[in-house]
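Residue numbers (our numbering): 343 to 588.
To keep things clear, I will list the structure first and then write my remarks on it.
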């Protein structure tokens, strides 16, 4: 990917919407060049063009979602990496921060990684760790395994820590996911009553999606950044969740 395209994606995903004029000024190139760049990125499925601007693309594709707030997500993933001990067996469900965590863990030969994400499994194809890919119905949009067989697999494996993905959090609804099948798998993980972590940047706070994940009391840890709203973090703490601010 062209370095300028990477910068454009960072700006679009961090703001949600940015004008062609602003991109031109920040990148130091003409508006004609910016429009050409946006056309290429839209054709590749990374963003959406609107009149005079570009907006984020609400996509389940893990590759696309990695670009949103990538620096913050990388910091969260690095912190989560520091919490994983020798001989740990970790279950990584999915989500962009969890993809980054999995990539960091690839060189660890002293752990076992269980995942329901075929995308994560592919990223770990040369890993030194032992990798267990759960079975189930393949969901192309999220590159995940879902459904009754995946839940059954979760019931029959043991792990010390689990990392699940979320798309939203609100005090009234708790954690939610836009993907009902993935939320079902996250809830199956919670029902194991193990050490469950939610790794999420602050952009997910204040968002509500269709499928609930919870109850919140079964989530032991939330790792997020300093821009998460204090009211939400205090509410999570009252539910017994340990909040880690990066």
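Don't be surprised by glycine CBs; every beta carbon is placed ideally from N, CA and C.
Would you identify the three-state DSSP class for residue i, choosing helix, strand or coil?
i           : result
residue 492 : helix
residue 499 : coil
residue 377 : helix
residue 541 : strand
residue 550 : coil
residue 348 : helix
residue 397 : strand
residue 534 : coil
residue 426 : coil
residue 580 : helix
residue 524 : helix
residue 446 : helix
residue 372 : coil
residue 466 : coil
residue 343 : coil
residue 386 : coil
So residue i packs on residue j, CB below 8 Å; how close in whole Å?
i           : j           : result
residue 583 : residue 546 : Wrong, their Cβ atoms sit about 15 Å apart, outside the cutoff.
residue 447 : residue 460 : Going by Cβ atoms, the distance from residue 447 to residue 460 rounds to 17 Å, so no, they are not a contact pair.
residue 364 : residue 588 : The pair is not a contact, with the Cβ atoms about 28 Å apart (cut-off 8 Å).
residue 513 : residue 559 : That pair is no contact at about 14 Å.
residue 441 : residue 465 : 7 Å
residue 432 : residue 525 : In fact, because the Cβ distance is near 20 Å, the residues do not count as touching under 8 Å.
Return the bridge partner residues of residue i from the DSSP annotation.
i           : result
residue 586 : 565
residue 486 : 459, 481
residue 512 : 516
residue 433 : 456, 504
residue 555 : 517
residue 472 : 454
residue 391 : 396
residue 361 : 395
If we ignore side chains and look at the alpha-carbon of each, how far apart do residue i and residue j end up?
i           : j           : result
residue 383 : residue 516 : 34 Å
residue 348 : residue 481 : 28 Å
residue 506 : residue 425 : 15 Å
residue 453 : residue 550 : 35 Å
residue 462 : residue 444 : 7 Å
residue 495 : residue 477 : 7 Å
residue 568 : residue 421 : 14 Å
residue 367 : residue 520 : 35 Å
residue 458 : residue 565 : 21 Å
residue 379 : residue 528 : 37 Å
residue 563 : residue 479 : 29 Å
residue 585 : residue 372 : 44 Å
residue 500 : residue 430 : 11 Å
residue 353 : residue 395 : 12 Å
residue 374 : residue 351 : 17 Å
Quiz item: Would you call the segment 521-539 and the segment 573-580 touching, i.e. three or more CB-CB distances under 8 Å?
Solution: no
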